[in-house]
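The block underneath contains the structure these notes are about, expressed in structure tokens.
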Amino acid sequence: LGWKLTSDLHIMLISDLARNFFDGKAQLITSQLHSLLPSSRWVIYHGQIVFLLSSDTPKIFDETEALYHYLEINHLTASISNSFDSILDIRKNYLQAVKAQTFGQRFHPEERIHSYSDYMFHHMGEIVSEKYPLADFYHPGIVAIQDYDRAHNTNFLETLRLYLIHIDDPGAIA
């Protein structure tokens with residue numbers, strides 16, 4: 002095919018928030034994105050555009066602002082797998098990008114770019130929760146705070162959660 006594979010591959014899913022890819026928009030989007038990513042290959046699969054990015058593709062991760070702007074204007078989202086080096090891992094990394102999309106839309110629907118690396122622990126939690134109750138894995142300190150909240154009608158566990166989310170912004174926690 003005249004395409005040199007490298008050892009730094011990624012899968013990137015492009016999803017249409019308006020769900021109307023096949024009204025002629027998909028061909029235009031793939032053409033525009035392919036001009037930004039000339040070493041990439043793409044296919045439409047399950048209503049999404051799936052890009053296979055190679056490391057000789059201009060670093061889309063270095064141009065995140067331009068990509069974000071493009072996605073925003075066109076009402077699109079992108080989800081990106083971890084890096085891999087063998088085409089035999091395409092399916093696994095495609096599924097990573099799908100999970101990044103799922104968790105990204107659930108937890109950060111306002112964002113346009115979702116990386117699997119940001120949601121790996123969510124994915125692990127989902128896998129574990131299919132077999133075990135997640136409460137079985139709580140740290141004893143969390144259980145103690147939970148028990149205290151129940152006994153004293155306080156909300157310290159929620160305060161801790163907000164603190165961990167907004168660690169550098171006490172105003173947001175308040």
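Each residue of the sequence shown is one higher than the one before, counting from 2 in my numbering. We put the CB at the ideal spot given by N, CA and C, even for glycine. Please read these numbers as outputs of a predicted model, since none were measured by experiment.
DSSP lists no beta-bridge partner residue for residue 136. For residue 168, the secondary structure class from DSSP, reduced to helix, strand or coil, is coil.
The alpha-carbon separation between residue 91 and residue 51 amounts to approximately 11 Å. Cα atoms of residue 135 and residue 75: separation of roughly 38 Å, rounded to the nearest angstrom. About 7 Å separates the CB atoms of residue 77 and residue 16; that is less than 8 Å, so the two are in contact. Counting only the Cα atoms, residue 141 lies some 12 Å from residue 149. Under the criterion of beta carbons closer than 8 Å, residue 12 and residue 82 qualify as touching, at roughly 4 Å. Between the alpha carbons of residue 98 and residue 5 lies a gap of roughly 23 Å.
Closest option to residue 72, judged by alpha-carbon separation, among 27, 100, 87 and 168: 27. For residue 36, the secondary structure class from DSSP, reduced to helix, strand or coil, is helix.
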